[in-house]
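Notes follow the structure.
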Amino acid sequence: FSLIDMSLNNRQASAAEKIQKQDLRILLKLSPFIKPYKRIATIALIALIVTSLSFLLFGQGIKLFIDEGIYTLQNNQLIIIAIVLITLVIGTFFRFYFVSWIGERVSNDVRLAVFNHLLTLHPHYFEINRSGEINARLTTDTTLLQSIFGFSISMALSSVLLFLGGLVMMLITNLKLALIVLVTVPIILLPMAIYGRRLRALSRKSQDTVADIGTYAGEIVQNIKVVQSFTREPEESIAFKNEVEKAFSAAKRRIMQSSLLIAAAMILVFTGLGAMIWFGAKDVTNGDISAGELASFVFYAIMVARSVAVISEIYGQLQRAAGATERLLELLSEESQIQPPTQAIDLPDGSLSLNFNNVSFSYPSRPQEKALEEISFKVGEGETVAIVGLSGSGKTTIFELIQRFYDPSNGSIEVGDLDIMSLDPVNLRTNIGVVPQQPTLFSANVSHNISYGDPHANAEQIKSAAKEAFALDFIEKLPDGFDSYLGEQGVRLSGGQRQRIAIARAILKDPSILLLDEATSALDANSEQKVQEALKRLMQGRTTLIIAHRLATIMHADRILLIDNGRLVAEGTHQNLLASSKLYKRLCELQFNH
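End of the sequence shown = 622 in this note's numbering, gap-free, step of one.
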């Protein structure tokens, strides 16, 4: 964990340094998400202005009440005051509703945009970025934006309007007292500028540590059987406590800066108010102003003071929003390493050939290590070819390159006599069906998992695919049959059952190219025989590549490719390789003699 902590600390330090150079203008980059709702935003803004003006006029009502007395006011004056109050109430309703609506809508649109963009990113991105942190950005950061757009910005704009309007009314009501208040304004704004920069860095770091908590917890929960098997619960509890304490420490520093900012603003505000009231009371005693004027002025002064306090508090929240926005924009700006060509070509219908031409490849995380080196082979239309070799020899890498999860470093790959780089990855993958050795299932029901191969399939087609994969018997014994939920990663099924669901999914997809990664490895002998028959029917007329660890399962292959250390060292039928390849013969002896 020390290496992980070091990388996290370095990332957070660089992020903190970067955010310090920013200001709240980063929030303007979210304006494209507000633009579609500009009419509603305009209504909310009008309601905001109307309520602010109504609140300002209320100060003049206070002056009338005190100077003329409530019982001596004329009817038209009372009607005007009543209209102002009704306008204030109605305007507040519209402001709160529409601003909250925009906050919910914008945060959900941002969340959707980030998720949709994540779906387009290359697999290497998810190898170097942890899923827990990505989930935190999708949930925690967008939820923070929701509160900012739905409440904080509304309060900030309202406070700015009341601050400016209150200052104007103070100048109109009494110039001398207004000047006393104005002297304190620059002094009040000074701590906001000082603490604001610190708060930006601390807000970003606080959000990163919260993301780290989610990442750590998610990894432990996902591997709970391993944790319990090795009785590591006490150590994991301590490690998680350390992560929580890191988050709390970061949040504590952020809260301290926010509290100091608010406290400093309040001290300066109340000092200014105290001086203003003292001079005002003296002027009332001398007869320079009326009691109503002083009361009205105090009302506006409190309004200005409250606005400054609210702005200073929301300023801290906006700093957090700036950190969240930066994290989300980082995701949205991430470009996939796998890009479709400008003018993509669609693959023809029917069986397709495969051709590797001097392909070399290194994983981005291990650029100095060759996963494949100058591999060349061809799989004809409808041909079944098996790939064998020791673990780590590059078999799975071939499958990943065929699906264009990565692009080769050198050489080319052709599918249906078309260069894979000229194809749209979506069209390419639509024509490929994969049954992995460790199938991935979703926590949804059985029907959803099988229909992932064809989302337009009806219930009868799903049932037929399950029957062909010899999965129907155990599915019908589940509590709710095809509507039974499988739990996270399909945890409610055995390994063999999960594999048969994956085979049914591939059958339903009806692909032109079939990639089988030891698709029957988790099955018992009886089920394996049945599924082998189903796979033989599925492979008919399809170009098929099979990764085989158990050589007995690929005797029927048209050809066998022997891979060793990323190189193709031999190819031929089982009998040919047995006679010509020492490595293949040794692999057979190891399996068949034990």
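Where a beta carbon is used, it is the ideal one built from N, C-alpha and C, also for glycine.
{"Check": "For residue 270, which of helix, strand or coil comes out of DSSP?", "Outcome": "helix"}
{"Check": "So what does DSSP say about residue 419, is it helix, strand or coil?", "Outcome": "coil"}
{"Check": "Near residue 545, what residues of its chain come up, given a Cβ to Cβ distance below 6 Å and the 5 sequence neighbours on each side ignored?", "Outcome": "464, 465 and 575"}
{"Check": "Relative to the C-alpha of residue 132, which candidate in 483, 528 and 172 has its C-alpha closest?", "Outcome": "172"}
{"Check": "Is DSSP giving residue 384 helix, strand or coil here?", "Outcome": "strand"}
{"Check": "Would you call the CB atoms of residue 417 and residue 399 closer than 8 Å?", "Outcome": "no"}
{"Check": "Please confirm whether residue 110 and residue 208 have their CB atoms less than 8 Å apart.", "Outcome": "no"}
{"Check": "To the nearest angstrom, how far is it from the Cα of residue 514 to the Cα of residue 475?", "Outcome": "10 Å"}
{"Check": "I need the boundaries of the alpha helix (DSSP H) containing residue 534, first residue and last residue.", "Outcome": "523-537"}
{"Check": "Does chain D have any CB closer than 8 Å to the CB of residue 598?", "Outcome": "No chain D appears in this structure, which consists of one protein chain only."}
{"Check": "Kindly identify the DSSP beta-bridge partner or partners of residue 440.", "Outcome": "385"}
{"Check": "Between residue 445 and residue 430, what straight-line distance do the alpha-carbon atoms span, to the nearest angstrom?", "Outcome": "13 Å"}
{"Check": "Taking Cβ positions, are residue 182 and residue 76 nearer each other than 8 Å?", "Outcome": "yes"}
{"Check": "Measuring straight from C-alpha to C-alpha, what distance separates residue 130 and residue 69?", "Outcome": "7 Å"}
{"Check": "Flag this pair as touching only if the region 305-319 and the region 351-362 have three or more C-beta atom pairs under 8 Å; answer yes or no.", "Outcome": "no"}
{"Check": "Using alpha carbons as the reference points, say which of 342, 506 and 533 lies closest to residue 180.", "Outcome": "342"}
{"Check": "Rounded to whole angstroms, what's the CA-CA distance from residue 245 to residue 268? Just pull it up for me.", "Outcome": "7 Å"}
{"Check": "Are the beta-carbon atoms of residue 461 and residue 539 separated by less than 8 Å?", "Outcome": "yes"}
{"Check": "Below 7 Å CB to CB, which residues in the same chain sit around residue 494 once its five sequence neighbours on both sides are set aside?", "Outcome": "478, 500, 503 and 532"}
{"Check": "When we look at the beta-carbon of residue 286 and count the other beta-carbons within 10 Å, is it buried (16 or more) or exposed?", "Outcome": "buried"}
{"Check": "Pick from 364, 561, 597 and 456: whose alpha carbon is nearest that of residue 154?", "Outcome": "364"}
{"Check": "Count the other CB atoms, across all protein chains shown, that sit within 10 Å of the CB of residue 487; report buried if there are 16 or more and exposed otherwise.", "Outcome": "exposed"}
{"Check": "Do residue 372 and residue 340 have their C-beta atoms within less than 8 Å of each other?", "Outcome": "no"}
{"Check": "Whole angstroms are fine: how far does the CA of residue 196 sit from the CA of residue 306?", "Outcome": "21 Å"}
{"Check": "I'd like the list of long-range same chain contacts for residue 177, defined as Cβ closer than 7 Å, with 5 residues on each side in sequence excluded.", "Outcome": "130, 131, 134 and 135"}
{"Check": "What is the DSSP secondary structure of residue 461, counted as helix, strand or coil?", "Outcome": "strand"}
{"Check": "Should residue 127 and residue 72 be called a contact, given that it needs their Cβ atoms to be closer than 8 Å?", "Outcome": "yes"}
{"Check": "Please state whether DSSP places residue 351 in a helix, a strand or coil.", "Outcome": "helix"}
{"Check": "Nearest-angstrom Cα distance between residue 482 and residue 489?", "Outcome": "10 Å"}
{"Check": "Short check: CB of residue 534 to CB of residue 413, under 8 Å?", "Outcome": "no"}
{"Check": "How about the region 342-352 and the region 381-396: do they share at least three Cβ pairs that are nearer than 8 Å?", "Outcome": "no"}
{"Check": "Hey, could you find the ends of the alpha helix (DSSP H) residue 155 is sitting in?", "Outcome": "151-156"}
{"Check": "The alpha helix (DSSP H) that contains residue 502, what's its start and end?", "Outcome": "500-505"}
{"Check": "Got a sec? Which residues, its chain only, sit under 6 Å from residue 85 by beta carbon, not counting five neighbours each side?", "Outcome": "112"}
{"Check": "What separation, rounded to the nearest whole angstrom, lies between the Cα atoms of residue 510 and residue 468?", "Outcome": "17 Å"}
{"Check": "Going along the chain, which residues of its own chain have a beta-carbon closer than 7 Å to the beta-carbon of residue 411, five neighbours each way excluded?", "Outcome": "571 and 586"}
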